[in-house]
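Asker:
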Amino acid sequence: MGELRRFDEGLPPEVVALAQALRDLFMGLGISTRRYAARRAYDSSTVSRFLGGRRPPPWEFVLNLLHDVAEERGTVPTEETIGMLRELHTTALQAGNSPVHKMQLLQRQLAEADQEARRAAMRERLLEDTLQDREHRIRDLQMRYRELQAASVQLPPEEGVTAPPGGPAEEHARLRTEIHDLQAELGRVRALHRQAEERCEQLERQLTETEKAAGQTEGIALPELLRSNAGDRPMMGDGASGAPGIRNHFEYVHGDINVIHDGWLVDEEYVESLTVRVVDEVTGHRGNGLLVDAETVVTVGHVLSAEEPGVPGPEVTVLSGERSVRAVPVESHTVDLRGFAYPVVVLRLSGALPFPERPLTVDLRPTTGSQLLVSAYSVDDRYSCLLDVKGRTGDSLRVSGEIADGLGGAPAFSSTGGLAGLLAMWDREKDRGHVLPASTLLALTTVNLST
12 MGELRRFDEG LPPEVVALAQ ALRDLFMGLG ISTRRYAARR AYDSSTVSRF LGGRRPPPWE
72 FVLNLLHDVA EERGTVPTEE TIGMLRELHT TALQAGNSPV HKMQLLQRQL AEADQEARRA
132 AMRERLLEDT LQDREHRIRD LQMRYRELQA ASVQLPPEEG VTAPPGGPAE EHARLRTEIH
192 DLQAELGRVR ALHRQAEERC EQLERQLTET EKAAGQTEGI ALPELLRSNA GDRPMMGDGA
252 SGAPGIRNHF EYVHGDINVI HDGWLVDEEY VESLTVRVVD EVTGHRGNGL LVDAETVVTV
312 GHVLSAEEPG VPGPEVTVLS GERSVRAVPV ESHTVDLRGF AYPVVVLRLS GALPFPERPL
372 TVDLRPTTGS QLLVSAYSVD DRYSCLLDVK GRTGDSLRVS GEIADGLGGA PAFSSTGGLA
432 GLLAMWDREK DRGHVLPAST LLALTTVNLS T
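Numbering (our numbering), first residue to last: 12 to 462.
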């Protein structure tokens with residue numbers, strides 16, 4: 012712990028309380044922050060910020076640290092400890108009093124509410140199956156009882172059949188009681204399931220309102236929102252194009268396609284300046300990525316051929332114009348995309364690439380019916396296209412358009428000039444795909460999500 016400095020003066024006491032609890036846990040590992048960062052694929056400066064109270068950690072980091080310490084001690088985290096840390100995390104985020112902190116809190120609460128809803132749904136299905144089984148058994152019992160009665164009528168009196176003690180009548184009564192209890196329990200579980208679903212809907216509405224509040228003008232400016240933990244670096248290159256407020260016209264969006272759009276606050280040149288190509292020595296072109304700053308790229312996991320979900324892939328080469336640098340994964344955050352565990356990966360570059368002077372912004376709520384601009388690299392060459400937003404499936408945006416092979420990881424920008432997300436899954440034969448929204452980046456820990 013000697014490498015951790017004193018808490019900064021002026022930190023809210025709630026933030027200090029969480030950071031101190033995390034420090035106390037971390038001491039149980041007996042290793043340095045750099046070693047723990049390597050173990051968990053974090054950036055070491057990010058871990059130091061979490062433990063120093065200079066940045067509230069995501070709930071995932073808190074749980075990971077708790078389970079790592081418990082594993083080191085050969086124990087299992089207790090519900091009391093998890094509850095205590097959850098309360099500290101909640102109050103620390105509330106003390107932060109920023110849209111990003113509020114979004115982190117709502118996202119955690121939504122994940123917990125969703126888990127409760129899924130548990131209630133599983134319990135409901137189990138009770139329904141059990142109740143159905145008991146109803147089948149009581150019908151079978153009634154049928155056997157009627158058969159016994161019919162046999163008793165047909166036989167001579169001395170050979171009549173009588174129900175022995177503890178026979179069908181008692182079993183019938185026992186099943187009736189069990190069915191009554193199951194119906195009552197099923198009613199309670201269904202009520203809990205409804206409450207959990209209503210809680211999820213309420214949190215989703217609050218999260219939507221918070222996202223709108225965070226990006227209510229032209230999006231959230233990203234020099235701070237998505238700045239690398241290495242600190243503010245000088246902007247490089249002269250790739251800036253189109254200041255906010257101008258009206259850009261796309262004369263040629265897809266080579267031979269003449270498309271004109273009024274009111275766009277972004278053009279192909281600007282999108283190109285923030286889009287990089289990812290290649291490796293074996294297969295060549297792997298896909299694309301978003302240049303967050305001069306030394307940081309965000310892309311999607313399949314571009315890096317990660318061996319398993321949530322694990323960063325190997326070192327690759329990143330190309331921007333005539334420049335090429337090596338890049339190493341420093342973080343992988345897994346999101347759910349149509350039932351698949353889909354990684355979003357942060358790459359740290361070995362050298363700086365040209366970065367435009369114009370601030371990067373995000374559009375957190377692209378509307379259905381709007382269009383997104385992509386100007387990236389396909390397998391063969393540079394490729395640009397417009398994607399039509401068809402709607403949402405879960406957290407992802409459904410889009411359609413002339414999607415070419417190799418566009419995976421390409422950043423897509425809306426007409427507001429803000430980043431809408433990264434192209435993830437696609438079906439080229441049907442010209443449709445899915446875009447991971449820009450809000451996915453808020454879960455990354457090795458880029459600065461503070462405002």
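Quick reminder that beta carbons are idealized off the backbone N, C-alpha and C, glycines included. Nothing here was measured: the structure is a model prediction, and the numbers come from that model.
Measuring CB to CB, does Glu342 end up less than 9 Å from Tyr53?
Answerer: yes
Asker: Which residues in the same chain have their Cβ closer than 7 Å to the Cβ of Gly266, if we skip the five residues on either side of it in sequence?
Answerer: Annotation note: pLDDT 37 at Gly266 (below 50); position unreliable, coordinate value reported separately. Around Gly266: no qualifying Cβ.
Asker: Should Asp278 go down as buried or exposed, given a rule of 16 or more other Cβ atoms within 10 Å for buried?
Answerer: buried
Asker: Within a Cβ cutoff of 6 Å, which residues of the same chain sit near Gly402, ignoring the five residues on either side of it in sequence?
Answerer: Exclusion of the five residues before and after Gly402 leaves Thr379 and Arg409 as the residues of its chain whose Cβ lies within less than 6 Å of its Cβ.
Asker: Around the C-beta of Gln382, are 16 or more other C-beta atoms found within 10 angstroms, so that it is buried, or is it exposed?
Answerer: buried
Asker: Our contact map puts Leu433 next to Leu455 with C-beta atoms below 8 Å; I'd like the distance itself, whole angstroms only.
Answerer: Not really, about 12 Å apart at Cβ, beyond 8 Å.
Asker: Identify the continuous beta strand (DSSP E) that holds Leu455 and give its terminal residues.
Answerer: No beta strand (DSSP E) holds Leu455; DSSP gives it neither H nor E.
Asker: Roughly how many angstroms lie between the CA atoms of Gly419 and Ala48, to the nearest whole one?
Answerer: 28 Å
Asker: Grab the span of the beta strand (DSSP E) containing Ser331 for me, first residue to last.
Answerer: Val327 to Ser331
Asker: Output the distance between the C-alpha atoms of His112 and Pro67, rounded to the nearest integer angstrom.
Answerer: 8 Å
Asker: Are the beta-carbon atoms belonging to Leu62 and Arg34 less than 9 Å from one another?
Answerer: yes
Asker: Give me, in chain order, the residues of the same chain whose beta-carbon lies closer than 8 Å to that of Leu197; leave out the 5 immediate sequence neighbours on both sides.
Answerer: Glu135, Leu138, Glu139 and Leu142
Asker: Suppose you measure from the CA of Glu368 to the CA of Asp374; what does that come to, to the nearest Å?
Answerer: 19 Å
Asker: Using DSSP with H/G/I as helix, E/B as strand and the rest coil, what is Ala431?
Answerer: The three-state secondary structure of Ala431, taken from DSSP, is strand.
Asker: His287 and Val355: beta carbons closer than 9 Å?
Answerer: Note on identity: in this sequence residue 287 is Val, with His being the wrong assignment. No; because the gap between Cβ atoms is not below 9 Å, this pair is not in contact.
Asker: Using CA coordinates, which residue listed in Ser56, Ser55, Arg65 and Met38 is at the minimum distance from Val27?
Answerer: Arg65
Asker: Short of 8 Å in beta carbon distance, which residues of its chain neighbour Gln194, apart from the five on each side in sequence? Order them along the chain.
Answerer: Leu142
Asker: Enumerate in chain order the residues of its own chain whose CB-to-CB distance from Arg50 is below 6 Å, with the five nearest sequence positions on each side excluded.
Answerer: none
Asker: Spell out the partners DSSP gives Val446 in its beta bridges.
Answerer: Leu408 and Leu434
Asker: Near Arg210, which residues of its chain fall below 6 Å by C-beta distance, leaving aside the five closest residues on each side in sequence?
Answerer: The answer, listed in chain order, is Ala124.
Asker: Could you check the C-alpha separation between Leu218 and Asp151 for me, to the nearest Å?
Answerer: Approximately 52 Å between the Cα atoms of the pair.
Asker: Can you tell me the Cα-Cα spacing of Ala449 and Gln213, whole angstroms?
Answerer: Distance between the alpha carbons of Ala449 and Gln213: 22 Å.
Asker: How is Arg84 classed by DSSP in three states: helix, strand or coil?
Answerer: helix
Asker: Between which two residues does the beta strand (DSSP E) holding Gly107 run?
Answerer: That residue, Gly107, is in no beta strand (DSSP E); its alpha helix (DSSP H) goes Glu90 to Gly107.
Asker: For Glu146, does the three-state DSSP call read helix, strand or coil?
Answerer: Residue state, collapsed to three classes: helix.
Asker: Considering only DSSP beta bridges, list what Gln382 is partnered with.
Answerer: Per DSSP, Asp399.
Asker: Do you know offhand how far Ile231's Cα is from Gly300's?
Answerer: Because the pLDDT of Ile231 is 40, which lies under 50, any placement of that residue in the model is unreliable, and the question is left without a value.
Asker: Report the rounded CA-to-CA distance for Arg297 versus Ser411, giving the unit in angstroms.
Answerer: Cα to Cα, the separation comes out at about 22 Å.
Asker: Measure from the alpha carbon of Leu117 to the alpha carbon of each residue in Arg337, Arg205 and Glu222, then state which is nearest.
Answerer: Of Arg337, Arg205 and Glu222, the residue nearest in Cα terms is Glu222.
Asker: Spatial neighbours of Arg148 within its chain, please: C-beta separation below 8 Å, excluding the five flanking residues on both sides.
Answerer: Leu186
Asker: Anyone know if the C-beta pair for Ser395 and His445 falls short of 9 Å?
Answerer: Contact check for Ser395 against His445 fails: the beta carbons are separated by 9 Å or more.
Asker: Gly405: which of Asp347, Ala32 and Asp391 sits nearest, CA to CA?
Answerer: Asp347
Asker: For the putative contact between Pro340 and Val329, defined by C-beta atoms under 8 Å, what is the C-beta separation to the nearest angstrom?
Answerer: Not a contact, Cβ separation roughly 12 Å.
Asker: Alpha carbon to alpha carbon, how far is Asp144 from Leu203?
Answerer: Computed Cα separation, rounded: 23 Å.
Asker: Which residues does DSSP pair with Asn299 in a beta bridge?
Answerer: Arg288
Asker: Take Ser389 and list the residues in its own chain whose beta-carbon comes closer than 7 Å to its own, dropping the five residues that flank it on each side.
Answerer: By the criterion of a C-beta distance shorter than 7 Å, Ser389 is surrounded in its chain by Ala415, Asp416, Gly417 and Leu418, once the five residues flanking it on both sides are discounted.
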